[in-house]
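S.K.: Before we start, here is the structure in question, set down as structure tokens.
Protein chains: 2
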Amino acid sequence: MPLLNMPFKALSDPTRRKIIQMLKEKDMTAGDIADQFDMTKPSISHHLNILKQAQLVIDQRKGQNIYYSLNTTVFQEVINWFFNVTDRRGEFENEED
Amino acid sequence: MPLLNMPFKALSDPTRRKIIQMLKEKDMTAGDIADQFDMTKPSISHHLNILKQAQLVIDQRKGQNIYYSLNTTVFQEVINWFFNVTDRRGEFENEED
DNA sequence: TAGATATTTAGATAAATATCTAATATAAGC
DNA sequence: GCTTATATTAGATATTTATCTAAATATCTA
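Just so you know, the sequences run in chain order S and R.
If you use numbering that gives the first Met the number 0, the first sequence corresponds to residues 0 to 96, in order.
If you use numbering that gives the first Met the number 0, the second sequence corresponds to residues 0 to 96, in order.
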């Protein structure tokens with residue numbers, strides 16, 4: 000099954016895209032992330048889990064907090080998919096997906 | 000509402016991504032597209048409609064056939080979203096979405 | 001205009017998704 | 001060890017989505 004399916008699915012939700020953009024600025028705890036949304040913590044936790052499964056973010060516990068940060072490697076693969084479609088291409092051919 | 004939401008949603012489905020990649024190679028009729036999938040024509044028609052609403056494809060009737068082709072302008076905006084996240088950036092800032 | 005071909009629209013349904021509340025886990029501090 | 005703070009897991013529910021069959025629309029041709 001397509002490697003890129005999970006990241007594409009993960010990025011199809013506006014809340015998750017916003018989380019990505021927040022993490023671009025700085026690493027954040029789950030709680031700090033949740034505070035930025037009009038949504039319960041379990042809901043945000045669910046979104047973070049989907050981002051994590053798609054390998055778009057990494058989590059790391061520090062004491063009571065769990066810090067989330069971006070994992071840009073998968074983004075590169077998604078960008079390559081777009082390059083392939085628009086013919087502008089990255090470094091390597093990518094017939095994936 | 001985020002301008003990029005529809006294209007992101009549209010691209011979250013593997014069938015639709017495959018259609019995009021087929022259209023990258025050449026313009027195709029709805030029927031020819033449907034033939035490449037193990038799925039009914041109405042289902043493909045539905046997928047084509049979602050791609051059209053997201054402005055990722057354009058359709059044009061020619062006689063009995065309706066030809067679909069890529070509309071790369073919106074792809075560029077999506078790519079810019081990724082550039083913004085990965086800090087590699089396109090030509091303009093894009094705080095959209 | 002009747003029949004054939006290409007495609008979409010309508011309506012139904014099963015599966016996936018986003019969200020909530022309540023309960024559980026994990027760590028820190030007294 | 002108990003209490004508080006942070007975060008996740010479990011379970012329920014409403015909405016969205018992908019898919020199908022059947023019906024409708026549009027175009028061509030004889």
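Think of the CB as a built atom: it goes at the ideal place given N, C-alpha and C, for glycine as much as any other residue.
Note that the structure is a prediction, hence the values are computed from the model and not measured.
1) Tell me which residues of the region 0 to 11 of chain R have at least one Cβ-Cβ distance to chain S shorter than 9 Å, keeping chain order.
2) Suppose the cutoff is 7 Å on Cβ atoms and the five residues either side in sequence are ignored; what does the same chain contact list for residue 33 of chain R look like?
3) Straight-line CA distance for residue 14 of chain R to residue 36 of chain R?
4) Label residue 27 of chain R either buried or exposed according to how many other C-beta atoms from any shown protein chain fall within 10 Å of its C-beta, with 16 as the threshold for buried.
5) Would you report the Cα separation of residue 74 of chain R and residue 63 of chain S, rounded to the nearest angstrom?
6) Between residue 10 of chain S and residue 67 of chain S, is the Cβ-Cβ spacing less than 8 Å?
7) Mind pulling the chain R residues with CB within less than 9 Å of residue 77 of chain S?
8) From residue 29 of chain S to residue 38 of chain S, what distance separates their C-alpha atoms?
9) Going along the region 42 to 73 of chain R in order, which residues come within less than 9 Å of chain S, judged by CB to CB distance?
10) Terminal residues of the continuous beta strand (DSSP E) containing residue 3 of chain S?
11) Measuring CA to CA, which of R/7, R/46 and R/69 is closest to residue 56 of chain R?
12) Nearest to residue 2 of chain S by CA position, among S/45, S/86, S/80 and S/84, is which residue?
13) Roughly how many angstroms separate the alpha carbons of residue 19 of chain R and residue 84 of chain S, rounded to a whole number?
M.R.: Answer, in terms of the structure:
1) Those would be 0, 1, 3, 4, 7, 8, 9, 10 and 11, in chain order.
2) Correct list, in chain order: 40 and 43.
3) If I take the Cα positions, the gap works out to 8 Å.
4) Buried, because 16 or more other Cβ atoms sit within 10 Å of the Cβ of residue 27 of chain R.
5) Distance between the alpha carbons of residue 74 of chain R and residue 63 of chain S: 41 Å.
6) Going by C-beta atoms, residue 10 of chain S is not nearer than 8 Å to residue 67 of chain S.
7) Per Cβ cutoff of 9 Å: 81.
8) Spanning the two alpha carbons is a distance of roughly 13 Å.
9) Listed by position, the residues of the region 42 to 73 of chain R near chain S (Cβ gap below 9 Å) are 69 and 71.
10) In this chain, residue 3 of chain S is not harboured by any beta strand (DSSP E), its DSSP state being neither H nor E.
11) Among R/7, R/46 and R/69, the Cα nearest to that of residue 56 of chain R belongs to R/69.
12) Per the Cα distances, S/80.
13) So the alpha carbons of these two residues sit roughly 7 Å apart.
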